[in-house]
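Report on one structure; see the data block that follows.
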């Protein structure tokens, strides 16, 4: 029994030693349609991820993202001029990533995301926050073993998200 416990601890230590943290910063463009009006929002989003199998061809990566709006939009709805601000974007993600070469990789990423918007019209102001399941696909290119750039397309409800991000590992 003692040997089994020692072997299990050594196995867990080697699994943890092969894992690595990743961080990143990116720009997200979110777009949707409401009553035939299109809107677009931009956000700067930070990422923190944990790669459970960095030495393998198939990676299992868990992560979180948090961002703030940097591009707002306005439109008219039922005769009212509305200014809409993206206050925040945050998500919990789980990624499956496949190395297609030494430098390139593809991934699929289901997510559970929260967005908070503030709508203003004259003196009226209201904030709304909601969670949505979503996910997307993307492509990454490694410049070196520690730095890469990624482009992705995601969908949350009716909202499409296109993003470009820098990723660094440590």
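Numbering (the numbering used here), first residue to last: 1 to 170. Don't be surprised by glycine CBs; every beta carbon is placed ideally from N, CA and C. Keep in mind the model is a prediction, meaning the values are calculated, not measured.
Option in 49, 106, 112 and 72 with minimal Cα separation from residue 63: 49
Through-space distance from residue 122 to residue 139, alpha-carbon basis: 43 Å
Sequence ranges, beta strand (DSSP E) only - wholly within the stretch 10-87, length at least 3: Runs of the beta strand (DSSP E) inside the stretch 10-87: 20-34, 37-51, 58-71 and 73-77.
Contact check, residue 133 vs residue 111, beta carbons under 9 Å: yes
Reference residue 124; option with closest CA among 51, 80 and 96: Of the candidates 51, 80 and 96, the residue whose Cα lies closest to the Cα of residue 124 is 80.
Buried/exposed call for residue 101, threshold 16 Cβ in 10 Å: By the neighbour-count rule (16 or more Cβ atoms within 10 Å), residue 101 is not buried but exposed.
Length of the line joining the Cα atoms of residue 179 and residue 116: Here the chain covers residues 1 to 170 and nothing more, so residue 179 does not appear.
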